[in-house]
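Notes follow once the structure below has been shown.
Residue numbers (our numbering): 675 to 745.
Okay, structure coming up:
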């Protein structure tokens, strides 16, 4: 497995932070949406963001990018 460069690690961190911030904002504002069609779009967007964050977390775990302590 190829090791990530420092630039790639930084990019991954930025992507996760961007998705997490957008997800937090979407969740906070979701309950004020009145229009059913817009609410459905919001639901789909939240699910997509959750999946992207989960996939990035799996990538981090699969590539052992975060050192684990002694157990």
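Cβ coordinates follow ideal geometry from the N, Cα and C atoms, glycine included. Because the structure is a prediction, the values reported are computed rather than measured.
- Burial state of residue 693 is buried, judged by a 10 Å Cβ sphere holding 16 or more other Cβ atoms.
- Between residue 720 and residue 698 the beta-carbon gap is near 10 Å, outside 8 Å, which marks them as no contact.
- Residue 742 and residue 724 have their C-alpha atoms roughly 24 Å apart.
- In the three-state reduction of the DSSP assignment, residue 680 falls in the helix class.
- Assigned with DSSP and collapsed to three states, residue 702 falls in helix.
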